[in-house]
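Chemist: Here you go, one structure.
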Amino acid sequence: MTTVNSYAGTYELDFERPLLQLERQIAEFESQASLSRPDLADEVRKLRQNHDKMLKKIYAKLGPWDTVKVARHPGRPQAIDHIRAVIKDFTELHGDRHFGDDPAIITGLGRVGSHKCMLIAHHKGKDTKERIACHFGCAHPEGYRKALLRMRLAEKFALPVVTLVDTPGAYPGIGAEERGQAQAIALNLREMSRLRVPIVSAIIGEGGSGGALGIAVADRIGMMQYAWYSVISPEGCAAILWKSGDAAEKAAESLKLTAADNLQLGTIDEVIEEPVGGAHRDPAIATQNLEKWLTNALRDLKRFKIDNLIAKRFERLRHIGEVAPH
Amino acid sequence: MTELPGRSWQDLADAAGKRSEVPEGLWMRCPECEAMVYRKTVEQNLHVCPECDYHHRIGADERTRQLCDTGSFEPMWEDLRPTDPLGFVDLHAYKNRLATEQAKTGHADALVCGTGFIKGRRVVLACMDNRFMMGSMGSVVGEKITRSIEKAIETDLPLIIVSCSGGARMQEGALSLAQMSKTAAALARLDAAGGLFISVLTDPTTGGVTASFAMLGDFIVAEPRALIGFAGPRVIANTVRQELPRGFQRSEHLLQKGFIDRVVHRKDLRSEIGRFIDYAGK
Ligand SMILES: [Zn+2]
Chain A
139 MTTVNSYAGT
149 YELDFERPLL
159 QLERQIAEFE
169 SQASLSRPDL
179 ADEVRKLRQN
189 HDKMLKKIYA
199 KLGPWDTVKV
209 ARHPGRPQAI
219 DHIRAVIKDF
229 TELHGDRHFG
239 DDPAIITGLG
249 RVGSHKCMLI
259 AHHKGKDTKE
269 RIACHFGCAH
279 PEGYRKALLR
289 MRLAEKFALP
299 VVTLVDTPGA
309 YPGIGAEERG
319 QAQAIALNLR
329 EMSRLRVPIV
339 SAIIGEGGSG
349 GALGIAVADR
359 IGMMQYAWYS
369 VISPEGCAAI
379 LWKSGDAAEK
389 AAESLKLTAA
399 DNLQLGTIDE
409 VIEEPVGGAH
419 RDPAIATQNL
429 EKWLTNALRD
439 LKRFKIDNLI
449 AKRFERLRHI
459 GEVAPH
Chain B
19 MTELPGRSWQ
29 DLADAAGKRS
39 EVPEGLWMRC
49 PECEAMVYRK
59 TVEQNLHVCP
69 ECDYHHRIGA
79 DERTRQLCDT
89 GSFEPMWEDL
99 RPTDPLGFVD
109 LHAYKNRLAT
119 EQAKTGHADA
129 LVCGTGFIKG
139 RRVVLACMDN
149 RFMMGSMGSV
159 VGEKITRSIE
169 KAIETDLPLI
179 IVSCSGGARM
189 QEGALSLAQM
199 SKTAAALARL
209 DAAGGLFISV
219 LTDPTTGGVT
229 ASFAMLGDFI
239 VAEPRALIGF
249 AGPRVIANTV
259 RQELPRGFQR
269 SEHLLQKGFI
279 DRVVHRKDLR
289 SEIGRFIDYA
299 GK
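See the structure below:
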């Protein structure tokens, strides 16, 4: 039986509505059954079976736009939730030693399984105040520079780098432009391509554009089943090509932004399975699957000589794209 | 959520009516100073307004003509064509858009590259063409930029890339995004090989192009008053809900903020590039 994450409880995805109705009914019957109506127990069991069937059915045919909604569900575990749940002795390291400490990208030491790592992750914020401070996970140049500083530190002490990607995109603001958003991202792309330690990236929610890529050049890239990853958000794409934000659903379909699509395009290596009904329905399982994938990837990559690893990393970057003739 | 950086593409497309190439007709009105000027005069002046120095946008062919010693430019990889890997359809099918743009420009995609001589120095030169889908970068642009970089590594020739682009091309989705890391990774190799890369930014250079190869030059120069940035001005204005400062995201502003080395008038580009090459000992 699936459980309902309390944080997600107040938020409803439109396509989940019949499901949530059923969940409320089950909860009501359960409370009555435990008190005065033991005869309802059978009813509850039936409702649960219906619920699980419906859940499976809805998620089996989830379209790209619905996937984007799941990726943005406020109850979906964020990087910080995964970190708190499974990263041993996580020790955050603040700031870029140049301008400031962008809360939209967190960096720090921690163990993934038995592997000592440098962790770099987008942070969307857990409550309204934090979300505003983090610009909803949209990083500034100082965030990308903080990430690069920590990657260089990792390189010096031979720590593999693990990045958790979850951003709608890099922040489009005056300060961000004046402090060189484009230059900061560009530099990360170049330096990550030749960083002399293994890099593992997981796209855990939103993989929006250059803001995602700025910490997602890696030896192994995983993507959670209901995450999205593309060159632009569906809304942004719709506004430009359809001249209307209402066309986001169509844009989501055209962009081929789901995990399965990205696997086919070769922009990721593996899809990390989520619990039935998405990570927000059972964050613990989602975290477990992510941790297992990260641990396996790290163990695999440690077998390579670093020169071979960098050569492979380059080959992968080099051959992506579709041109004619081949 | 806020609209995303790629939105700049539209800002530029909308602005194209105003800031387009020199229009047909004997006389034309300068979009900047509004003076009526003889079209031939503008063309003979490198497409720069003789009254106010406004730099009109020029296509890749005109650019290679202006930069290279007469007749020395030899294009490469002209057979590379875009495919439609996503089967992308918006209000138009990408396939049809490509056909239209190809007919309009006479090029297969938004980049012309090859070898040529600048003031007697042999170079690898790549010029983006913003007439072709706003100079957006998809697989072909990324591949040709990467091959140009590799050519510069093999031959130890200086690499010059003239950028003008609305950013990564939406119609190729995540594959366009991947061209950013692909070109940046190739530049890491050029850098390691001690190669010289001169990045020339022209109006407009935005989005995924700015956030990859364009900002990774050993030398970065920009033409006067060019729009250069990550996000488009309208996206930023919508996000911050305030008017943008005057001259924001223009070359002179980036110079002041420390992100480009020099603002160079079009007439001086050849000599400045020549000097960089000499000082780099290439
Ligand atoms: Zn003028």
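As given, the protein sequences belong to chains A and B, one line each in that order. Under the working numbering, the residue at position 172 of the first sequence is numbered 310, and the numbers go up by one with no gaps. Under the working numbering, the residue at position 243 of the second sequence is numbered 261, and the numbers go up by one with no gaps. Don't be surprised by glycine CBs; every beta carbon is placed ideally from N, CA and C. As the structure is a computational prediction, the values presented were derived from the model and not from experiment.
For ligand 1, is there any heavy atom lying closer than 6 Å to the beta carbon of B:Glu50?
Modeler: yes
Chemist: If you draw a straight line from the alpha carbon of A:Thr140 to that of B:Leu104, how long is it in whole angstroms?
Modeler: Summary for A:Thr140: the model assigns pLDDT 41, below 50, so the residue's position carries little reliability; its value from the coordinates is reported in the next sentence. Distance between the alpha carbons of A:Thr140 and B:Leu104 is about 36 Å.
Chemist: Give me, in chain order, the residues of the same chain whose beta-carbon lies closer than 6 Å to that of B:Arg149; leave out the 5 immediate sequence neighbours on both sides.
Modeler: Gly77, Thr123
Chemist: Select from A:Met289, A:Gly307, A:Arg451, A:Pro202 the residue whose C-alpha is nearest the C-alpha of A:Thr405.
Modeler: A:Arg451
Chemist: For a minimum of 3 consecutive residues, which ranges assigned as the beta strand (DSSP E) are wholly contained in the stretch 362-392 of chain A?
Modeler: 366-368
Chemist: Identify, in the order they occur along the chain, each residue of the same chain with its Cβ nearer than 6 Å to the Cβ of B:Arg280, setting aside the five sequence neighbours on each side.
Modeler: Within the same chain, B:Arg280 has close Cβ partners Val239.
Chemist: Short check: CB of A:Asp234 to CB of A:Glu280, under 7 Å?
Modeler: Going by C-beta atoms, A:Asp234 is nearer than 7 Å to A:Glu280.
Chemist: Say the cut is 6 Å; is the CB of B:Ala210 nearer than that to a heavy atom of ligand 1?
Modeler: Not under cutoff, so the answer is no.
Chemist: B:Val227 lies in the beta strand (DSSP E); which residues open and close that run?
Modeler: Element bounds for B:Val227: not the beta strand (DSSP E) but the alpha helix (DSSP H), 225-228.
Chemist: Which whole-angstrom value is the C-beta distance of A:Ile258 and A:Val299, which I expect to be below 8 Å?
Modeler: 6 Å
Chemist: Just by C-beta distance, which residues in the stretch 367-387 of chain A are closer than 9 Å to chain B?
Modeler: So the list reads Tyr367, Ser368, Val369, Ile370, Ser371, Glu373, Gly374, Cys375, Ala376, Ala377, Ile378, Leu379, Trp380, Lys381, Gly383, Ala385, given in the order they occur along the chain.
Chemist: Rounding to the nearest angstrom, what Cα-Cα distance links B:Met233 and B:Thr88 in this structure?
Modeler: In this structure, the CA atom of B:Met233 is about 29 Å from the CA atom of B:Thr88.
Chemist: Compare the Cα-Cα distances from A:Met256 to each of A:Thr266, A:Ala198, A:Ile243 and report the closest residue.
Modeler: A:Ile243
Chemist: Any heavy atom of ligand 1 inside 6 Å of the beta-carbon of B:Tyr72?
Modeler: yes
Chemist: Which value, in whole angstroms, describes the spacing of the CA atoms of B:Thr260 and A:Asp445?
Modeler: According to the sequence shown, residue 260 of chain B is Gln rather than Thr. Spanning the two alpha carbons is a distance of roughly 49 Å.
Chemist: Could you tell me which whole alpha helix (DSSP H) segments of length 4 or greater appear in the stretch 37-118 of chain B?
Modeler: 57-62, 78-85
Chemist: On the CB-based measure, 16 or more other CB atoms within 10 Å of its CB, does B:Ser26 come out buried or exposed?
Modeler: Residue confidence for B:Ser26 is low, a pLDDT of 40 falling below 50, so the modelled location carries little weight; the figure read from the coordinates is stated next. B:Ser26 is buried by the Cβ-count criterion.
Chemist: For A:Val461, would you say it is in contact with chain C, using Cβ-to-Cβ distances shorter than 7 Å as the test?
Modeler: Absent from the structure is chain C; the protein chains it does hold are A and B.
Chemist: Mark A:Thr229 as exposed unless 16 or more other C-beta atoms lie within 10 angstroms of its C-beta, in which case mark it buried.
Modeler: With a 10 Å radius around the Cβ and a threshold of 16 neighbouring Cβ atoms, A:Thr229 comes out exposed.
Chemist: Is A:Ala285 close to chain B? Criterion is C-beta to C-beta, closer than 7 Å.
Modeler: no
Chemist: Closer than 7 Å, CB to CB, is A:Asn400 near chain B or not?
Modeler: At least one CB atom of chain B sits nearer than 7 Å to the CB of A:Asn400.
Chemist: Sorry if obvious, but does the Cβ on A:Glu412 come closer than 6 Å to a heavy atom of ligand 1?
Modeler: no
Chemist: Does the beta-carbon of B:Cys51 have 16 or more other beta-carbons within 10 angstroms, so that it is buried, or is it exposed?
Modeler: exposed
Chemist: Taking Cβ positions only, does B:Arg99 come closer than 7 Å to chain A?
Modeler: yes
Chemist: The alpha helix (DSSP H) that contains B:Glu290, what's its start and end?
Modeler: 287-297
Chemist: Should A:Tyr149 be flagged as near chain B, meaning a C-beta pair shorter than 7 Å?
Modeler: It does not; no Cβ of chain B falls within 7 Å.
Chemist: Can you list, in chain order, the residues of its chain whose CB lies under 6 Å from that of A:Pro212, leaving out five sequence neighbours each side?
Modeler: Here A:Pro212 has Tyr149 as same chain residues with Cβ atoms under 6 Å from its own Cβ, once five neighbours each way along the sequence are excluded.
Chemist: Cβ-heavy atom distance between B:Glu61 and ligand 1 below 6 Å?
Modeler: no
Chemist: Is there a Cβ from chain B that is less than 7 Å from the Cβ of A:Glu268?
Modeler: no
Chemist: Going by DSSP, what residue range makes up the beta strand (DSSP E) through B:Ile179?
Modeler: 177-183
Chemist: What's the C-alpha gap between A:Ala103 and A:Phe442?
Modeler: Residue 103 of chain A lies beyond the range of chain A shown here (139 to 464); nothing can be said about it.
Chemist: For chain A, find out if any of its Cβ atoms is closer than 7 Å to the Cβ of B:Ile254; answer yes or no.
Modeler: yes
Chemist: With DSSP as the reference, label B:Gly160 as helix, strand or coil.
Modeler: Helix.
Chemist: Which residue wins for smallest C-alpha separation from B:Ser194, given the options A:His220, A:Ala165, A:Tyr367?
Modeler: A:Tyr367
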